[in-house]
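A.B. asks:
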Amino acid sequence: MSERLVKCIKLGREAPGMDRPPFKGELGQRLYDNVSKEAWRQWLEHSKMLINEYRLDMTHPAHQKTWFAECEKYFFGEGSEVPKEFKPVGEGGEDQK
Numbered sequence: 059m060s061e062r063l064v065k066c067i068k069l070g071r072e073a074p075g076m077d078r079p080p081f082k083g084e085l086g087q088r089l090y091d092n093v094s095k096e097a098w099r100q101w102l103e104h105s106k107m108l109i110n111e112y113r114l115d116m117t118h119p120a121h122q123k124t125w126f127a128e129c130e131k132y133f134f135g136e137g138s139e140v141p142k143e144f145k146p147v148g149e150g151g152e153d154q155k
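Residues in the sequence shown are numbered consecutively from 59, following the numbering used here.
1. Below 7 Å CB to CB, which residues in the same chain sit around Glu130 once its five sequence neighbours on both sides are set aside?
2. By alpha-carbon positions, which one of Leu69, His104, Asn92, Arg71 ends up nearest to Arg78?
3. So the beta strand (DSSP E) Leu63 belongs to, where does it begin and stop?
4. Grouping DSSP H, G and I as helix and E and B as strand, with all else coil, what is Ser94?
5. Look at the alpha carbon of Val140 and the alpha carbon of Met76, and state the distance between them as a whole number of angstroms.
6. Distance check for Ser94 and Arg71, CA to CA, integer angstroms please.
7. With DSSP as the reference, identify every bridge partner of Ala73, one or two as the case may be.
Now the structure itself:
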């Protein structure tokens, strides 16, 4: 059985697709149809930063709504922005040891 390829909307090229939609609903299906595994992994890393910086509690419906909105913007809109106060490690963020 060959790996499913998608024309990845984020990477701008064909790449291996996800094995299944990441969640139920229209957005989950759009992601499955248009996003590669690699781009999805990139989103998960970006979303960790959003969850931490915005202190999102993913058990709270309003916070889930924010996460889904950022996901849609990241892939299908103008892109999910990094919070203004965010400083990557080594650039004034977490101390390096």
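Quick reminder that beta carbons are idealized off the backbone N, C-alpha and C, glycines included. Quick caveat, the model's predicted, so the values are computed rather than measured.
C.D. replies: On the basis of the supplied data:
1. Here residue 130 is taken as the residue at index 72 of the sequence shown, counted from 1. Here the set comprises Leu85.
2. For the purposes of this step, residue 78 is taken as residue 20 along the sequence shown, with counting starting at 1. Nearest of Leu69, His104, Asn92, Arg71 to Arg78, Cα basis: Asn92.
3. Position 5 of the sequence shown, counted from the first residue, corresponds to residue 63. 63-66 is the extent of the beta strand (DSSP E) around Leu63.
4. In the sequence shown, counting from the first residue as 1, residue 94 sits at position 36. Of the three classes helix, strand and coil, the one that applies to Ser94 here is strand, per DSSP.
5. Residue mapping note: residue 140 aligns to position 82 of the sequence shown, counting from 1. Residue mapping note: residue 76 aligns to position 18 of the sequence shown, counting from 1. Each residue's alpha carbon lies about 25 Å from the other.
6. Translated into positions along the sequence shown, residue 71 becomes position 13. Translated into positions along the sequence shown, residue 94 becomes position 36. Going by the C-alpha atoms only, they are around 9 Å apart.
7. For the purposes of this step, residue 73 is identified with residue 15 of the sequence shown, where counting begins at 1. Paired residues: Val64.
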